[in-house]
Structures are given as structure tokens and as C-alpha cells.
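Sequences listed follow chains A and B, in order. Numbering of the first sequence is given in the working numbering, commencing with residue 3 and proceeding in unit increments. Numbering of the second sequence is given in the working numbering, commencing with residue 12 and proceeding in unit increments.
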Amino acid sequence: MEFERIEGADRGRIVLYALSTCQWCRRTKELLSELGVAFSYIYVDLLEEDEMKGVIDDVTKYNPRGSFPVIRIGDKVIVGFHEEEIREALA
Amino acid sequence: MKKLPDVSEDEISARAARLQDEAEHSGYHLNPDVSVTRHLVRGLIANEKRYGYQACPCRCAGGRKEDDLDIICPCNYRDPDLAEYGACYCALYVSDRIAGGLAEAAPIPERRPPGSERSESIYRQENAVPSALPYPVLRCPVCGYLCARDAPPEHCPICHAMGERFRKLF
Ligand code: SF4
Chain A
3 MEFERIEGAD RGRIVLYALS TCQWCRRTKE LLSELGVAFS YIYVDLLEED
53 EMKGVIDDVT KYNPRGSFPV IRIGDKVIVG FHEEEIREAL A
Chain B
12 MKKLPDVSED EISARAARLQ DEAEHSGYHL NPDVSVTRHL VRGLIANEKR
62 YGYQACPCRC AGGRKEDDLD IICPCNYRDP DLAEYGACYC ALYVSDRIAG
112 GLAEAAPIPE RRPPGSERSE SIYRQENAVP SALPYPVLRC PVCGYLCARD
162 APPEHCPICH AMGERFRKLF
């Protein structure tokens, strides 16, 4: 799967599932970059159909509602751009 | 990985101006934060190019119009979200207070039901038309506008949602 990797401080496994057109996803990605942590992200809307299905199935496991962004920080899952929660999880 | 269709700055400006006019004309407001609004308008135009309809930029469209009628912008969830949270899910449309700079748009929960629960509630048409009515009553799913006529207008005269989204109320 084509996750993009952003280099930064190692805070464990951080994965962002996003849509390329979504402004809350953009804000989330900007926040992670601003915090200087290493993370991987994927734009689900830009995947080929077969790949997209698999990734959406994964996302639905973490977030049954199927909304974006979904942020995995270690074992923690945050749904939506909740700045305080994200900052706390990375503090 | 696919590429998002190109959208020029001029296209964004033109569409943003049109949406702004339409919104103000109907008593709605776009988010005064221009960087947010332009990002979302780019998404709307890109979605129109790749799917053929302007699917919500903050939701994952499936690319089949019949399945996404409820999230064509303005979506079925805009007005309930404006009423409850003062902004639509993407924060493209905002309340008087937010438009006036008295509050800021914050992320809100997703109101659209998950795929497995969607079909019944959203796509059902009422077919029982009481015989006493000379015309069926049709309802716009976005703003609730009602009209009594055989077929919906091409666009909702209030909120401009496309007529094929109307559903028969009775
Ligand atoms: S009105 Fe609905 S579809 Fe349009 S931007 Fe807002 S949440 Fe997305």
C-alpha cells in the first residue's frame, strides 16, 4: 500500500488516513508536521478502486462510521481533527 | 496512486464567488476563513471533474451518483448541522455567528449514517399518494422546501439542490 512517509521525531507508529480534498484532514496533517513527529499518511480518495476497498475496510475497523480523518497513534485511535487530543497523545 | 484533477486559482475564485452569492441570497453564509473556503471549493470542483457531481470534499464518495445523492453539496446534512453546531460538516457553510466572527467553526461529528444503514432512510420514496391530493407533495432533502407538482423543479428554488434529489413526501 502506498503510504507516504514524513520524517521527524520517532514517537512510535503514527498513521493518518485522509482524503485529499478534506480540510480537517489537511489541518490534521499540518498539525502533525508542525509537531515534528514522523508519520505515514494515505489519501484514500486517490487509491485505485480495489486498493481503496481494502483500506476503507481497515478504516471502518478503527472508525465504524467511516469518516475522515482517522489518526492512529500507537494503539490509540482519534477520529476527526481534535487538536487537543492529538497534542495530548503526542505529549 | 491517482492524481486529483487540476483546478486553477481562477476556477476556484469564480466558483467561490458564485457560491457566496447563492448562499447570501438564500440566507446562508460561507466560512469567512478564505483559506478553508478555497480549499473546500477546490475539492468541490475536483470532485465534479472526477465523479461528475460535486461530492462533499470531506467525505469519501463512492463515485456512483445514486449512492452519493445525499452528499452532493449542499448535502442533506448541512441544515441540521448548521442548526445544531453552527457549521456544516466541512465548515464550508457557517452560522450568522461564525460568519460574523463571533465564534469559530470546530470539527463536528459525522451525521451521515454508515454505508450499511444508509439505504432505507435516505433513498426511500413514499409511494402512497392520498387520492384526495391533486398533486404529489415533493420535498427537497437539503432545505425542506415543499412543492406540489408532478415532477420536481430542475433545481430547488431555495437552495439550488438538483431536482433529482427531491423525494415524494405524500
Ligand atoms: S454542505 Fe455538506 S457537502 Fe457541502 S461542504 Fe458542507 S458538509 Fe460538505
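Cβ coordinates follow ideal geometry from the N, Cα and C atoms, glycine included. Quantities reported herein were computed from a predicted structural model and do not represent experimental measurements.
Residue i, enclosing beta strand (DSSP E) - first and last residue
i	result
B/Leu113	First-last for B/Leu113: undefined, no H or E at that position.
A/Tyr43	Phe41 to Tyr45
A/Ala20	Ile16 to Ala20
B/Ala159	Leu157 to Ala159
B/Leu149	Val148 to Arg150
C-alpha gap between residue i and residue j, whole angstroms
i	j	result
B/Cys158	B/Cys167	10 Å
B/Arg49	B/Ile23	7 Å
A/Ile73	B/Pro145	54 Å
B/Arg135	B/Cys67	21 Å
A/Thr62	B/Ala143	47 Å
A/Glu86	A/Lys31	14 Å
A/Arg89	B/Pro125	28 Å
B/Ala28	A/His84	30 Å
B/Leu51	B/Leu180	32 Å
B/Gly38	B/Asp32	10 Å
B/Tyr104	A/Gly76	34 Å
B/Asn30	A/Leu18	Residue identity differs from the one stated: residue 30 of chain B is Leu in this sequence, not Asn. Roughly 31 Å between the two C-alpha positions.
A/Glu50	B/Met12	7 Å
B/Phe177	B/Asp90	15 Å
Where residue i falls: helix, strand or coil (DSSP)
i	result
B/His171	coil
B/His40	strand
B/Ala66	strand
A/His84	coil
A/Glu6	strand
B/Lys76	helix
B/Leu93	helix
B/Ile82	helix
B/Tyr104	strand
A/Ala91	helix
B/Leu180	coil
A/Val72	strand
Residue from the options with nearest C-alpha to residue i
i	options	result
A/Tyr43	A/Thr62, A/Cys27, A/Ala11 and A/Leu37	A/Cys27
B/Arg70	A/Leu92, A/Glu86, A/Gly68 and A/Gly56	A/Gly68
B/Arg129	B/Lys13, B/Asp78, B/Asn58 and B/Gln31	B/Asp78
B/Gly111	B/Ile119, B/Glu59 and B/Ala98	B/Ala98
B/Glu20	B/Val105, B/Ala57 and B/Ala34	B/Ala57
A/Ala91	A/Glu4, A/Phe5 and A/Arg13	A/Arg13
Element boundaries [alpha helix (DSSP H), containing residue i]
i	result
A/Cys154	The structure shown does not extend to residue 154 of chain A, since chain A is modelled only from 3 to 93, so the question has no answer here.
A/Val61	Glu51 to Tyr64
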